[in-house]
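*Asks:*
Number of protein chains: 2
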Amino acid sequence: MAMISKRNLHCPVARSASVVGDRWTLLILRDLFQSGVCRFQELLRSLEGIAPNTLSARLKTLEAKGVVERRFYEQHPPRAEYLLTEKGRKLGPVIRALYEWGEKHGPKTSA
Amino acid sequence: MAMISKRNLHCPVARSASVVGDRWTLLILRDLFQSGVCRFQELLRSLEGIAPNTLSARLKTLEAKGVVERRFYEQHPPRAEYLLTEKGRKLGPVIRALYEWGEKHGPKTSA
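One line per chain: the protein sequences are P and G, in this order.
1 is the number of the first residue of the first sequence in our numbering; add one for each residue after it.
1001 is the number of the first residue of the second sequence in our numbering; add one for each residue after it.
1) Let me confirm a value: P:R89 is counted as buried when at least 16 other C-beta atoms fall within 10 Å, else exposed. Which label applies?
2) Measuring straight from C-alpha to C-alpha, what distance separates P:L59 and G:L1044?
3) Output the boundary residues of the beta strand (DSSP E) element that contains G:V1067.
4) Which chain G residues sit within Cβ distance under 9 Å of P:V37?
5) On the DSSP bridge assignment, give the partners of G:R1039 in chain order.
6) Is the separation between the beta-carbon of G:V1067 and that of G:V1037 shorter than 8 Å?
7) Quick check: the Cα distance between P:A64 and P:A57, rounded to an integer number of angstroms?
8) If you pair each beta-carbon of the region 69-80 of chain P with each one of the region 1071-1082 of chain G, do three or more pairs fall below 8 Å?
9) Do the region 87-105 of chain P and the region 24-34 of chain P touch if we need at least three Cβ pairs shorter than 8 Å?
10) Would you verify that the beta carbon of G:V1013 is, or is not, closer than 8 Å to some beta carbon of chain P?
11) Can you find the residues in the same chain that come closer than 8 Å, C-beta to C-beta, to P:S16, ignoring five residues on each side of it along the sequence?
12) From the DSSP output, in three-state form, read off P:E48 for me.
13) If you draw a straight line from the C-alpha of P:L84 to the C-alpha of G:T1054, how long is it?
14) Listed in chain order, which residues of the region 1088-1099 of chain G have Cβ atoms closer than 7 Å to some Cβ of chain P?
15) Tell me which same chain residues have a C-beta within less than 6 Å of the C-beta of P:S35, skipping the five on either side of it?
16) With a Cβ-Cβ cutoff of 8 Å, do P:D31 and P:S46 count as a contact?
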């Protein structure tokens, strides 16, 4: 995802934003918090409008950052499912805060 | 910013993500929480690497969403400064949660 400049390396908000500062990423996390475990196709269906390669890229980044774990539930053919790691579950307060703000102040119309 | 699909209109997380689901936006909010009022040039300096037109676009979106207010501190030539609205200040828990996660779990290296 985004590069972090030297100065922003020292800012905790910037460090978080470099991991979750992306709309699709936040929705992937929401789904994983909600469902515990999600298959690729389930995420694809839930995140209406996301391109499969975008979803795939976001999941790879989250895996590389240690936030999401990929697990195979079938070997032939290989089929993966995704879940939060311990570090990923610690993002709960972020998703909760977004939920609460969105409920009261989020836009009600598409724009 | 991003379009919200019909289904996601009902999800508070998606509604929030449509406003703040962007790395630069989160850093703008961080600066406004930290400083109270920021001038364009101050934001530009703080958000190392952001293009002026990107910053301008993010601020316009935040203003349109009712999160940020633009105020003129000079008329000739017109010079603006930015501050959070009441609705924007309610995003405090989001920024705080990002701060806390970043402090403990955020990446320490640029990537």
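For every residue, glycine included, the Cβ atom is placed at its ideal position computed from N, Cα and C.
*Replies:* In short, the structure shows the following:
1) Walking along the first sequence from the start, residue 89 of chain P turns up at place 89. Exposed, by the Cβ-count rule.
2) Counting from 1 along the first sequence, the entry for residue 59 of chain P is found at position 59. Counting from 1 along the second sequence, the entry for residue 1044 of chain G is found at position 44. For P:L59 and G:L1044, the distance between alpha carbons rounds to 31 Å.
3) On the second sequence, position 67 is the one that residue 1067 of chain G refers to. No beta strand (DSSP E) holds G:V1067; DSSP gives it neither H nor E.
4) Start at 1 with the first residue of the first sequence, and residue 37 of chain P comes out as number 37. The premise fails here: P:V37 is roughly 18 Å from chain G at the closest Cβ pair, so nothing lies under 9 Å.
5) Here residue 1039 of chain G corresponds to residue number 39 of the second sequence, with the count starting at 1. Per DSSP, G:E1081.
6) Within the second sequence, numbered from 1, the residue matching residue 1067 of chain G stands at position 67. Within the second sequence, numbered from 1, the residue matching residue 1037 of chain G stands at position 37. Against a cut-off of 8 Å, the Cβ pair of G:V1037 and G:V1067 comes out as no contact.
7) As a first step, residue 64 of chain P is located in the first sequence; it is residue number 64 there, counting from the start. As a first step, residue 57 of chain P is located in the first sequence; it is residue number 57 there, counting from the start. So the two alpha carbons sit approximately 10 Å from each other.
8) no
9) Yes, the region 87-105 of chain P is in contact with the region 24-34 of chain P.
10) Against the second sequence, residue 1013 of chain G aligns to sequence position 13. Yes, G:V1013 lies at the interface with chain P (some Cβ there is under 8 Å from its Cβ).
11) Along the first sequence, one-based indexing puts residue 16 of chain P at 16. V94, listed in sequence order.
12) The residue labelled residue 48 of chain P in the question sits at position 48 within the first sequence. Coil.
13) Your numbering for residue 84 of chain P matches position 84 in the first sequence. Your numbering for residue 1054 of chain G matches position 54 in the second sequence. Their Cα atoms are separated by approximately 32 Å.
14) Answer in chain order: K1090, L1091, P1093, V1094, I1095, A1097, L1098 and Y1099.
15) Position 35 of the first sequence, counted from the first residue, corresponds to residue 35 of chain P. So the list is empty, once near-sequence residues are dropped.
16) Walking along the first sequence from the start, residue 31 of chain P turns up at place 31. Walking along the first sequence from the start, residue 46 of chain P turns up at place 46. P:S46 is positioned such that its CB atom lies closer than 8 Å to that of P:D31.
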